[in-house]
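Residue numbers (the numbering used here), protein chains in the order written: chain A, 258 to 619; chain B, 258 to 619.
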């Protein structure tokens, strides 16, 4: 059950727990500042597959497997899956997670999909429609370049405002109880590997206590090589609505975390929020700016993609909440709603952002 | 609140009501057997726009406007929207409904998205997360041919097993109360048109009482010109699971309605269900076979697309329930999970199908 606040937000009267999560990333992400924190790093970005799309599918498959293992649940214990990616018709998802045979809600929110999946997953648990759900999203640098810009073989140049799509996936197991009392019954052999596993879930990684659902926000920008600026107005809209709906202030959060605005979008967001009377400059963090070292890794504005916020949430943000370094954060992945067709037809690039209140269980 | 049944289904203890709906279709659909039932029929398939994609966006925009008008609600009264289409990155949705400024959950389930949107929308209402939601999906023959097969200008030939993507959209307003007691406060001028409107909501069109969420089902078929056969195994899987979870039988439903299996997929579904011990032959109906006259309209296996099941639900199925001609139906849109990339890379075409129990309010 949830308490519906204002027009865009839900306060979860009983929190929903993230009982396990995992991140799988590519080689470049493994070499970045968060490299040691990811659960699995590929030796190369094909992950043993023949195409970039299959490689992205394998990211989702592996992330879900590891997250379930860490939460001590088997596929048959999961009621629903909420999943998506950036590719046309979400094929990374369709071919990535079908092996688990879990009823699926396919989502598309561009790079905000990680937030959307956690929001809907939390609602499914809080509404008593499910006991366990899995939320997963992914992106892949090479499949995304082919989907949205140019195949890598063209060797095109990238402006400094461009972001670098993260090769990665993050998967999350949500449940109504923090340590999954009912987990014990479902540990033992997993159906996927056939091997015996040991339950590692000792308690939840964090709890979800609030949701603000974003609206499509379009300032008319058309530059798909500056997606941070395209998405910043949407993140400002969701953030302001969040503060209003929850009667909260920036100081109520240890961090206000966007998905992949990058360095250009960050400046725009901070300015837009200042115009609205909120100073978030000291508390803002962007997953895209954390996952790469822009200077040494030549990633320009920062990392982007569904996998950017998802992998950073699992590897870094949840770790801070788990260790009690942060008490409460606002996690707000941001998405740029374009396709190569809309871009070629001269359309703008609207944005959308969904926010979740994540709190430490300590 | 819902009662979670088995692994894939939810029984809504308190039903969710479809308080208004609308359908907007293209010229060819208007000339078909259901032509007189649609709320709006385009004079041509561009709907006054410059591109097929913009035309598809306008379908969603108009369907949502009419559905809200019929339900007697304004955009500001709607908490969330659940929407999607078939195009890469769901651009018909992104550019179609942003004007309403309603918080959005973007969905992708191929042609099953109408079912997915109603399932999640019903859960949002039943879980007390929202008072009103709007669910909308669309497809467009020309934008879909360009997205999945060949631009129309190529004049390619189509095999008899191919379906014809419906140019259409269906939108649905869901609420917790049948006649929207709280509708009265929100009638009057609508923000969208600026004109005075008269509330027309006299009672709900139907109620949603159960949900079965589908799994990705892949029999390895690769023929994107025979999507009915590709999707039939998924619809059989969801249907069997539905009968098990609800301890029901085909006879419990006046109609068992698939989205767009067409004549080829219908035969496969009936055979697959017979193998599982269920005879649905006398009760099965397929929206794709209802919306066109395959003989005179040269649509081969039948209509398909997100808009096929959505427009047929609004125009025809809900009318039967409203008039009491049918008491209870199972509405199960079916989706084929492919993209031109997955097709070109030699992948199979998995399917997915989501089912809803719809009951008459009489």
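All C-beta atoms in this analysis are idealised placements derived from N, C-alpha and C, irrespective of residue type, glycine included.
Small disclaimer: the values here were computed from a predicted structure and weren't measured.
Check	Outcome
For residue 533 (chain B) and residue 557 (chain B), what's the separation of their Cα atoms in angstroms?	28 angstroms
Between the region 556 to 571 of chain B and the region 391 to 400 of chain B, do three or more beta carbon pairs fall short of 8 angstroms?	yes
Indicate whether at least one CB of chain B lies closer than 8 angstroms to the CB of residue 602 (chain A).	yes
Hey, is the region 342 to 357 of chain A in contact with the region 467 to 484 of chain B, meaning 3+ C-beta pairs nearer than 8 angstroms?	yes
Among residues of its own chain, excluding the 5 on either side of residue 460 (chain A), which ones have a beta-carbon nearer than 7 angstroms to its beta-carbon?	435, 436 and 618
In this structure, what does DSSP give as the bridge partners for residue 580 (chain A)?	Its beta-bridge partners do not exist; DSSP assigns none.
Quick check: residue 273 (chain B) and residue 540 (chain B), are their CB atoms within less than 8 angstroms of each other?	no
What are the uninterrupted segments assigned as alpha helix (DSSP H) that are 4 or more residues long and contained completely in the region 298 to 349 of chain B, given in chain order?	309 to 328
In this structure, what does DSSP give as the bridge partners for residue 278 (chain B)?	B:429
Please name the residue in A:290, A:330, A:280 and A:269 whose C-alpha comes closest to that of residue 381 (chain A).	A:269
List, in order along the chain, the chain B residues whose C-beta lies closer than 8 angstroms to that of residue 308 (chain A)?	602
Would you list, in sequence order, the uninterrupted alpha helix (DSSP H) runs of no fewer than 4 residues that lie entirely inside the region 539 to 610 of chain B?	544 to 548, 551 to 554, 563 to 569, 575 to 579 and 597 to 601
Taking the CB atoms as reference points, tell me whether residue 428 (chain A) and residue 613 (chain A) lie closer together than 8 angstroms.	no
Pairing CB atoms from the region 322 to 333 of chain A with CB atoms from the region 273 to 291 of chain A, are three or more of them under 8 angstroms?	yes
Use the C-beta contact count for residue 285 (chain A): other C-beta atoms within 10 angstroms, 16 or more gives buried, fewer gives exposed.	buried
With distances taken Cα to Cα, identify the nearest neighbour of residue 417 (chain A) among A:481, A:370 and A:468.	A:481
Determine which residues of the region 372 to 387 of chain B have a Cβ less than 8 angstroms from any Cβ of chain A, and write them out in chain order.	373, 376, 377, 380, 381, 383, 384, 385, 386 and 387
Can you look up residue 619 (chain B) in the DSSP assignment and give me helix, strand or coil?	coil
Take the Cβ of residue 502 (chain B) as the centre, count every other Cβ of all protein chains shown within 10 Å, and call the residue buried at 16 or more, exposed below.	buried
Please state the DSSP three-state secondary structure of residue 614 (chain B).	strand
Provide the residue span of the alpha helix (DSSP H) that contains residue 531 (chain B), from first to last.	519 to 532
Let me make sure I understand the geometry here. Which of A:283, A:267 and A:292 has the alpha-carbon closest to that of residue 423 (chain A)?	A:283
In the structure shown, what three-state DSSP assignment does residue 369 (chain A) receive?	coil
Using the Cα positions of residue 421 (chain B) and residue 550 (chain B), report the straight-line distance between them to the nearest angstrom.	11 angstroms
Classify residue 425 (chain A) as buried or exposed, calling it buried when 16 or more other Cβ atoms lie within 10 Å of its own Cβ.	buried
With a threshold of 8 angstroms between beta-carbons, can residue 358 (chain A) be considered close to chain B, or not?	yes
Taking only three categories from DSSP, how would you classify residue 358 (chain B)?	coil
Mind listing the chain A neighbours of residue 523 (chain B)? Cutoff is C-beta to C-beta under 9 angstroms, in chain order.	Chain A residues near residue 523 (chain B): none, gap ~23 angstroms exceeds 9 angstroms.
Using a Cβ-Cβ distance under 8 angstroms, would residue 598 (chain B) count as near chain A?	yes
Name, in chain order, the residues that DSSP records as bridge partners for residue 463 (chain A).	A:275
Look up residue 468 (chain A) in the DSSP assignment and give the residues it is bridged to.	A:267 and A:613
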